[in-house]
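Numbering (UniProt numbering), first residue to last: 1 to 222. Yeah, the Cβ is synthetic: ideal placement off N, Cα and C, and Gly gets one too.
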Amino acid sequence: MGCGSSSIQVAEVPNCNKQLLLGYWDIPLRAQPIRYLLELGHFPYTEKRYAQKDAQEWFGKDKQNLGLEFPNLPYITHGDYHLTEAANIANYVIEITCQQNLLGCGDDKYRIGNIRYVCDGLIIDVFKTLKMTAEEKQKLLENNIIPDLYSLNEALGEKTYFFGRLTIADVYAYCAFVNFKLFFPNEYKQFASSFDHLIINFEAIPEIQAYQKSDRFPKFQL
Ligand SMILES: N[C@@H](CCC(=O)N[C@@H](CS)C(=O)NCC(=O)O)C(=O)O
């Protein structure tokens with residue numbers, strides 16, 4: 001398989017000189033990979049952060065009033081562009097920031113995609129456990145989360161990044177690993193020797209370091 005050039009050149013991106021607004025909850029969940037992509041790409045953006053404690057601002061107001069075709073969180077507005085679906089938004093951000101290299105090419109592109117989407121699912125599964133009964137939580141951990149983490153552990157091994165250089169797979173894996181580590185510190189220990197490499201290296205990227213020190217960086221309120 002070859003590596004085709006992007007269908008959108010940055011100069012042709014509609015609304016490329018318009019302000020990009022990202023709307024999402026005030027936590028590092030489904031929109032977090034998008035935030036990292038914007039930061040890595042040095043792309044100016046503003047955010048509308050919805051407080052989980054005041055969900056009415058979204059459900060009672062913006063969800064109906066923003067003119068989104070498929071109203072959901074996250075969304076972005078970029079001039080005339082109104083997009084939802086987190087993966088779709090992430091792909092759009094990759095294009096407008098010219099970071100297509102993160103997607104890989106040839107056969108790697110789809111192997112990178114496998115890890116990206118497995119990790120995307122993990123980000124949500126880990127969060128779902130917070131609202132589950134002990135029994136439901138144990139079931140999701142044993143049947144889904146831990147087996148996926150074992151497979152990721154095997155794929156990553158001693159490497160810093162899954163494919164030897166930063167790709168979109170690592171951005172999603174980072175988000176999944178740090179959330180799992182935060183909410184399941186004991187269960188994380190068995191994966192630490194492998195996953196910590198990726199976490200440390202990702203956090204050492206200058207753009208990520210600066211972002212995580214800034215007040216733009218959202219945290220879970222435990
Ligand atoms: N398929 C959508 C799912 C989005 C979704 O479930 N968003 C959750 C937060 S992660 C939400 O609270 N949506 C607000 C809503 O349902 O109105 C995507 O991938 O973006």
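Quiz item: Using the beta carbon as the reference atom, which residues fall closer than 7 Å to any heavy atom of ligand 1, ordered along the chain?
Solution: 25, 29, 30, 58, 59, 63, 71, 72, 73, 74, 84, 85, 86, 87 and 124
Quiz item: Quick one: is residue 203 buried, meaning 16 or more other Cβ sit within 10 Å of its Cβ, or exposed?
Solution: exposed
Quiz item: Name the DSSP bridge partner or partners of residue 76?
Solution: 22 and 83
Exercise. Tell me whether residue 48 sits in a helix, a strand or coil according to DSSP, three-state version.
Key: In the structure shown, residue 48 sits in a strand (DSSP, three-state: E or B).
Quiz item: How would you call residue 120, buried or exposed, if buried means at least 16 neighbouring beta carbons within 10 angstroms?
Solution: buried
Quiz prompt | DSSP-derived helix/strand/coil call for residue 121 | solution = helix
Quiz item: With a Cβ-Cβ cutoff of 8 Å, do residue 126 and residue 180 count as a contact?
Solution: yes
Quiz item: Taking the alpha-carbon positions, what's the residue 64 to residue 72 distance?
Solution: Distance between the alpha carbons of residue 64 and residue 72: 10 Å.
Quiz item: Is the beta carbon of residue 45 less than 8 Å from the beta carbon of residue 29?
Solution: no
Quiz item: Between which two residues does the alpha helix (DSSP H) containing residue 201 stretch?
Solution: 192-203
Exercise. State buried or exposed for residue 104, treating a residue as buried only when at least 16 other CB atoms are found within 10 Å of its CB.
Key: Buried, since its Cβ has 16 or more Cβ neighbours within 10 Å.
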